[in-house]
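Engineer: Input: one structure, supplied below.
In our numbering, the protein residues as written are 105 to 404.
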């Protein structure tokens, strides 16, 4: 079977079990032969191939598919699933579109983007091998590119852009990979470093939204009210991991968050227009009102 068919099959199997926990083997087999694989002579299905597929999915994506004797079916063990699995699976789907689906460009519309992903593999190699790296960086506010030397700790994707978080001159900073002019290179073969033991992507961005983080600001208690229809989207795609529901009825969805009020967060709130009302804190209400008034003044 071709690589295209293998990837398509793995993604299909993952989605099937993810969306229907405790599905039996017989159900999986039945759905398989009703799927697009039914016309693929090489794509037979048996208990043996299913066990092989499960193993391959674990190796590729870090996803454990287990059998529950209580429920008599297969499920994905969320506790053992890496936190970035969804991003990884989505990336595999996108990257392998042209390998998985024939003539994908004829029915998939994508936006042009400059994400910085061309530097991603070099950056991940430096992180894994603890290599200090040097690169030329072009800020939007500066005309002249500057040379940077950092200890890279981890990367983050936000709104289709990749960023690296690392230490430069005893300060932790964030750099957009798309603004790196040349390929990052190791400072020297022996220039290694140790990552701070308590520094992880989760801990670093715990109290922030998006890519910005304020080192000297505390997280604030925030209360937001959404109109009912918009609330349905907010429930399925939470704004932040601290999100909890206060009110959910036919009039509104009211949620509570605890995070720093950064530029990224303000832009997110403003993007919801009249479908959102800020309840608290008062300081955030004031900033939102000032931004809306400034926007109206643009049209006067």
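Don't be surprised by glycine CBs; every beta carbon is placed ideally from N, CA and C.
What is the DSSP secondary structure of residue 307, counted as helix, strand or coil?
Structural biologist: Counting from one through the chain shown, the residue named residue 307 turns up at place 203. Three-state DSSP puts residue 307 in a helix.
Engineer: Using the rule of at least 16 other Cβ atoms within 10 Å of the residue's Cβ for burial, across every protein chain shown, is residue 223 buried or exposed?
Structural biologist: Translated into positions along the chain shown, residue 223 becomes position 119. Residue 223 comes out buried.
Engineer: Count the other CB atoms within 10 Å of the CB of residue 171; is the residue buried (16 or more) or exposed (fewer)?
Structural biologist: Position 67 of the chain shown, counted from the start, is the residue given in the question as residue 171. By the Cβ neighbour-count rule, residue 171 is exposed, with fewer than 16 other Cβ atoms within 10 Å of its own.
Engineer: Within 10 angstroms of the Cβ of residue 145, are there 16 or more other Cβ atoms? Answer buried if so, exposed if not.
Structural biologist: Taking the chain shown and counting its residues from 1, one reaches residue 145 at position 41. Annotation note: pLDDT 47 at residue 145 (below 50); position unreliable, coordinate value reported separately. Exposed: under 16 other Cβ atoms inside 10 Å.
Engineer: Mapping the DSSP letters down to three states, classify residue 314 as helix, strand or coil.
Structural biologist: Residue mapping note: residue 314 aligns to position 210 of the chain shown, counting from 1. In this structure, residue 314 counts as coil in the three-state DSSP scheme.
Engineer: Under a three-way DSSP split, which group does residue 234 fall into?
Structural biologist: The count along the chain shown starts at 1 and reaches residue 234 at position 130. Here residue 234 sits in coil by DSSP.
Engineer: Are the CB atoms of residue 330 and residue 356 nearer to each other than 8 Å?
Structural biologist: Taking the chain shown and counting its residues from 1, the one referred to as residue 330 is at position 226. Taking the chain shown and counting its residues from 1, the one referred to as residue 356 is at position 252. Yes, these two residues count as a Cβ contact at 8 Å.
Engineer: Report the residue ranges of all beta strand (DSSP E) runs contained in full by the stretch 349 to 375; include only those spanning at least 3 residues, in chain order.
Structural biologist: As far as the stretch 349 to 375 is concerned, its whole beta strand (DSSP E) runs of at least 3 residues are 357 to 363.
Engineer: Can you tell me the Cβ-Cβ gap for residue 241 and residue 279, rounded? I've got them flagged as a contact below 8 Å.
Structural biologist: As a first step, residue 241 is located in the chain shown; it is residue number 137 there, counting from the start. As a first step, residue 279 is located in the chain shown; it is residue number 175 there, counting from the start. 6 Å between Cβ atoms; contact.
Engineer: For residue 314, which residues of its own chain have a beta-carbon under 7 Å away from its beta-carbon, when the five flanking residues on both sides are left out?
Structural biologist: Looking up residue 314 in the chain shown gives position 210. Closer than 7 Å at Cβ, skipping near neighbours: 262, 366, 368 and 369.
Engineer: Mind checking whether residue 168 and residue 157 have CB atoms under 8 Å apart?
Structural biologist: Residue mapping note: residue 168 aligns to position 64 of the chain shown, counting from 1. Residue mapping note: residue 157 aligns to position 53 of the chain shown, counting from 1. Not a contact, by the Cβ cut-off of 8 Å.
Engineer: Identify the residues that DSSP records as bridge partners of residue 384: which are they?
Structural biologist: Position 280 of the chain shown, counted from the start, is the residue given in the question as residue 384. Residue 384 pairs with 327.
Engineer: Kindly indicate which residue of 324, 399, 346 and 351 has the alpha-carbon position closest to the one of residue 385.
Structural biologist: To locate residue 385, count along the chain shown from 1; it is residue 281. Taking only the C-alpha atoms, the option nearest residue 385 is 324.
Engineer: Taking the C-alpha atoms as reference points, what is the distance between residue 257 and residue 362?
Structural biologist: Looking up residue 257 in the chain shown gives position 153. Looking up residue 362 in the chain shown gives position 258. Spanning the two alpha carbons is a distance of roughly 25 Å.
Engineer: Quick one, are the C-beta atoms of residue 121 and residue 154 less than 8 Å apart?
Structural biologist: The sequence position of residue 121 within the chain shown is 17, counting from 1. The sequence position of residue 154 within the chain shown is 50, counting from 1. Their beta carbons are not under 8 Å apart, which means residue 121 does not touch residue 154 by this criterion.
Engineer: Below 6 Å CB to CB, which residues in the same chain sit around residue 123 once its five sequence neighbours on both sides are set aside?
Structural biologist: In the chain shown, residue 123 corresponds to position 19, counting from 1. Correct list: empty, nothing qualifies.
Engineer: Give me the Cα-Cα distance between residue 287 and residue 272, rounded to the nearest whole angstrom.
Structural biologist: Looking up residue 287 in the chain shown gives position 183. Looking up residue 272 in the chain shown gives position 168. Looking at the two C-alpha atoms, the distance is approximately 18 Å.
Engineer: Quick check on the DSSP output: the alpha helix (DSSP H) that includes residue 162 runs from which residue to which?
Structural biologist: Residue numbering aside, residue 162 sits at position 58 when the chain shown is read from its first letter. Counting along the chain, the alpha helix (DSSP H) containing residue 162 begins and ends at 151 to 165.
Engineer: If we ignore side chains and look at the alpha-carbon of each, how far apart do residue 114 and residue 166 end up?
Structural biologist: The residue you call residue 114 lines up with position 10 of the chain shown. The residue you call residue 166 lines up with position 62 of the chain shown. Residue 114 and residue 166: Cα-Cα distance of roughly 13 Å.
Engineer: Leaving out five residues before and five after residue 239 in sequence, what residues of the same chain have Cβ atoms less than 7 Å from its Cβ?
Structural biologist: In the chain shown, residue 239 corresponds to position 135, counting from 1. 252, 284, 286 and 288.
Engineer: Could you check if residue 235 is buried or exposed, using at least 16 other CB atoms within 10 Å of its CB as the buried criterion?
Structural biologist: Indexing the chain shown from 1 puts residue 235 at position 131. Residue 235 should be labelled buried.
Engineer: Going by DSSP, what residue range makes up the beta strand (DSSP E) through residue 250?
Structural biologist: Counting from one through the chain shown, the residue named residue 250 turns up at place 146. In the DSSP assignment, residue 250 falls within the beta strand (DSSP E) that extends over 250 to 262.
Engineer: So residue 118 and residue 161 are supposed to be a Cβ contact under 8 Å. How far apart are they, rounded?
Structural biologist: The residue you call residue 118 lines up with position 14 of the chain shown. The residue you call residue 161 lines up with position 57 of the chain shown. Contact flag correct, Cβ pair sits at about 6 Å.
Engineer: Thinking C-alpha only, which one of 302, 298 and 307 is nearest residue 232?
Structural biologist: Locating residue 232 in the chain shown gives position 128, counting from the first residue. Nearest of 302, 298 and 307 to residue 232, Cα basis: 298.
Engineer: By DSSP, does residue 129 sit in helix, in strand, or in coil?
Structural biologist: Looking up residue 129 in the chain shown gives position 25. Here residue 129 sits in helix by DSSP.
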